[in-house]
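Trainee: Take a look at this one; I'll ask things after.
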Amino acid sequence: MTTQIKTQQKSKKSERIKVAQHRTNLRSESLTIATPGFGSTNGNDNHESKGIKAYAAQNATASLGPFAIRRRDVGLHDVQIEILYCGVCHSDLHHVRNEWHNTVYPCVPGHEIVGRVTGIGSEVQKFKEGDLVGVGCMVDSCRTCSSCHDGLEQYCEHGPIFTYNSEDKHLGGVTYGGYSKAIVVDEAFVLRVSEKLNLAAVAPLLCAGITTYSPLRRWKVGAGQKVGIVGLGGLGHMAVKFAHSFGAHVVLFTTSPEKGADAIRLGAHEVVVSKDLDEMNKHLNSFDFILDAVSAEHDINAYLKLLKVDGTLTLIGLPEKPLGIAAFNLVAQRHQLAGSMIGGIAQTQEMLDYCATHGIVSDVELISIDQVNEAYERMLKGQVKYRFVIDMGSL
Ligand code: NAP
Ligand code: ZN
Ligand code: ZN
3 MTTQIKTQQK SKKSERIKVA QHRTNLRSES LTIATPGFGS TNGNDNHESK
53 GIKAYAAQNA TASLGPFAIR RRDVGLHDVQ IEILYCGVCH SDLHHVRNEW
103 HNTVYPCVPG HEIVGRVTGI GSEVQKFKEG DLVGVGCMVD SCRTCSSCHD
153 GLEQYCEHGP IFTYNSEDKH LGGVTYGGYS KAIVVDEAFV LRVSEKLNLA
203 AVAPLLCAGI TTYSPLRRWK VGAGQKVGIV GLGGLGHMAV KFAHSFGAHV
253 VLFTTSPEKG ADAIRLGAHE VVVSKDLDEM NKHLNSFDFI LDAVSAEHDI
303 NAYLKLLKVD GTLTLIGLPE KPLGIAAFNL VAQRHQLAGS MIGGIAQTQE
353 MLDYCATHGI VSDVELISID QVNEAYERML KGQVKYRFVI DMGSL
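Right under this line is the structure:
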């Protein structure tokens, strides 16, 4: 690198810092509530919270452990949240172990966040201090592209800002997720949470809930349809609950025969052990829709064959390795293969409200933060009933 380029970069950087400081000063002036309770402030005009307790992975092979992070000052439109519970999604594990080859370390995962509002910016309309709120997989998007206009922020043409491992436009570096004591999020990406439901069991709705609700709505799953759900994990068990609630005939496919009784309790009408070829063959050409929520390599051809003419298989699971597809399994009966990622903010609120009305929550196992590494190992073995949720009081 030449000295000239270095100098240019240095002066650009100091300009950026000045602009950032100016912005933060403006924000500080506009605060209605200071930022108490979350570690010390740094003593200058920028009152961002430092030394907030979190849990992070330092590299792809390390266990998660204690780590201190910063959170930005509360801006005009920001909501500051004390995190009470955070679900453990398989995507957290994929990220921590760099299975999608894009993790920036240290990585603080967690995007199934439920907490209480502890501060708001002066322009905040929807929330007040003390409200129960949720934050899911996104904390921002461009808000101007056609996807954002259509309420599909998750498909933002400029890329949504995910709750962790995305560029942090406020503090630099990457965003840090919910395995932490507090978070500051623009109110446009904060969800209202009902006081009626078990809070720990609501947390997984913020990812597992919306990720299954959205495609079931998109493909209009309902009464008179035969719907398959593949994999009874965090996503799968929510899919079973929603598909049942929407009135469909629900068939759960599992590799774990011992989950059969639970699947029926959760709302499945039939359970098929996918390793049993005779059982699988009984369902050939019979499904309107199949939602595949499997986290690892598996044969999706076995499921494509079960669709009837014009039936759709939608992938929501994100295995590390590509899946092989035999063209005949799509071509021969005009089958459709699709994908779906989480859901937009408006639909996430719709899903949370639907859950409050219908009393739907996740089946959870509450853990303390120091059990999270063990929880990952159990998740890999499919031994989750059916979502781990971290009690953030333990951090
Ligand atoms: P999870 O709780 O670990 O559940 C995955 C389930 O898949 C397991 O319980 C198991 O169910 C089944 N399974 C695991 N390994 C398998 C294998 N080798 N062959 C067949 N089945 C297997 O994971 P999750 O949190 O639900 O997440 C599932 C996937 O969705 C992950 O890849 C995650 O990253 C992804 N995800 C996607 C989105 C999105 O927006 N599209 C959002 C969140 C998560 P059985 O024991 O019943 O077979
Ligand atoms: Zn998730
Ligand atoms: Zn956008």
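So for the sequence shown, the numbering used here puts the first residue at 3; every next one is plus one. We put the beta carbon where it would ideally sit given N, CA and C, even for glycine. Everything numeric in this text was worked out from a predicted model, so none of it was measured.
(1) When you compare the region 112 to 121 with the region 73 to 88, are there three or more beta-carbon pairs, one atom per stretch, that lie closer than 8 Å?
(2) Please return the same chain residues whose Cβ sits closer than 8 Å to the Cβ of A64, not counting the five positions on each side in sequence.
(3) Helix, strand or coil: which one does DSSP assign to F330?
(4) May I ask you to report which of helix, strand or coil DSSP gives M140?
(5) Could you have a look at L325 and say whether DSSP puts it in helix, strand or coil?
(6) If S288 sits next to K310, beta carbons under 8 Å apart, how far is it from one beta carbon to the other, in whole angstroms?
(7) Using CA coordinates, which residue listed in E155, Y166 and G226 is at the minimum distance from F191?
(8) Give me the Cα-Cα distance between A203 and V242, rounded to the nearest whole angstrom.
(9) Between the alpha carbons of S182 and S148, how many angstroms are there, rounded?
(10) In the DSSP assignment, find the unbroken alpha helix (DSSP H) run with Y378 in it and report its ends.
(11) Quick one: give me the first and last residue of the beta strand (DSSP E) that Y215 is part of.
(12) Let me know the secondary structure DSSP gives H285 once reduced to three states.
(13) What does a CB cutoff of less than 8 Å around H96 pick up in its chain, not counting 5 residues either side in sequence?
(14) Alpha carbons only, please: which of V386, L66 and R73 is nearest the one belonging to K52?
(15) Would you report the Cα separation of E1 and I347, rounded to the nearest angstrom?
(16) Determine, using beta carbons only, whether I163 and D142 come nearer to each other than 8 Å.
(17) Would the beta-carbon of G112 fall within 8 Å of that of G153?
(18) Just how far apart, CA to CA, sit F390 and L234?
(19) Any idea if A295 is buried or exposed, counting beta-carbon neighbours within 10 angstroms, 16 or more meaning buried?
(20) Terminal residues of the continuous beta strand (DSSP E) containing S51?
(21) Looking only at its own chain, which residues have a Cβ that is under 8 Å from the Cβ of S342, when we skip the five neighbours before and after it?
(22) Apply the 10 Å Cβ neighbour rule to N104 and answer buried if 16 or more other Cβ atoms are within range, or exposed otherwise.
(23) Taking T146 as the reference, give the member of G136, C139, V135 and E159 with the closest Cα.
(24) Where does K130 sit, in a helix, a strand or coil, going by DSSP?
(25) With three or more beta-carbon pairs closer than 8 Å as the criterion, would you say the region 245 to 262 touches the region 365 to 378?
(26) Once you ignore the five residues that flank E260 on each side, which residues in its own chain have a CB closer than 6 Å to its CB?
(27) Confirm the yes/no value for this check: CB of C88, any heavy atom of ligand 2, distance under 7 Å.
(28) Once DSSP output is grouped into helix, strand and coil, what is the label at S30?
(29) Please give the ranges of any alpha helix (DSSP H) in the region 252 to 314, keeping only runs that are unbroken, at least 4 residues long and fully inside the region.
(30) What residue does the beta strand (DSSP E) around A340 start on, and which one ends it?
(31) Can you list, in chain order, the residues of its chain with a C-beta nearer than 7 Å to that of H172? Leave out the 5 residues immediately preceding and following it.
(32) List the whole-angstrom C-beta distance separating M394 from C88, where the pair is believed to meet the contact cut-off of C-beta under 8 Å.
(33) Can you say whether D278 is buried or exposed, counting buried as having 16 or more other CB atoms within 10 angstroms of its CB?
(34) Using the Cα positions of I344 and D188, report the straight-line distance between them to the nearest angstrom.
(35) Flag C209 as yes when its Cβ comes closer than 7 Å to any non-hydrogen atom of ligand 2, and as no otherwise.
(36) Hey, G230 and L308: beta-carbon distance below 8 Å or not?
Mentor: Inspection of the coordinates gives the following:
(1) yes
(2) none
(3) helix
(4) In the structure shown, M140 adopts extended strand secondary structure according to DSSP, grouped into three states.
(5) coil
(6) 6 Å
(7) E155
(8) 16 Å
(9) 33 Å
(10) V374 to L382
(11) Premise fails: Y215 lies in the alpha helix (DSSP H), A210 to R220, not in any beta strand (DSSP E).
(12) Coil, per DSSP.
(13) W102, S297, L320 and E322.
(14) R73
(15) Not covered by the structure: residue 1. The range shown for the chain is 3 to 397.
(16) yes
(17) no
(18) 14 Å
(19) buried
(20) S51 to A58 is the span of the beta strand (DSSP E), which, as asked, contains S51.
(21) T213, S216, P217, R220, T316, L317 and I318
(22) exposed
(23) E159
(24) coil
(25) no
(26) Excluding residues up to 5 positions away in sequence, nothing lies with its Cβ nearer than 6 Å to the Cβ of E260 in the same chain.
(27) no
(28) Residue placement at S30 cannot be trusted, given a pLDDT of 30 that sits under 50; the coordinates are not used to answer.
(29) Contiguous alpha helix (DSSP H) elements confined to the region 252 to 314 occur at 262 to 268, 279 to 283 and 303 to 306, taking only those with 4 or more residues.
(30) Q338 to G341
(31) The beta carbon of H172 sits closer than 7 Å to the beta carbons of R74 from its chain, once the five residues preceding and following it are set aside; these are given in chain order.
(32) 6 Å
(33) By the beta-carbon neighbour count (other beta carbons within 10 angstroms, threshold 16), D278 is exposed.
(34) 19 Å
(35) yes
(36) yes
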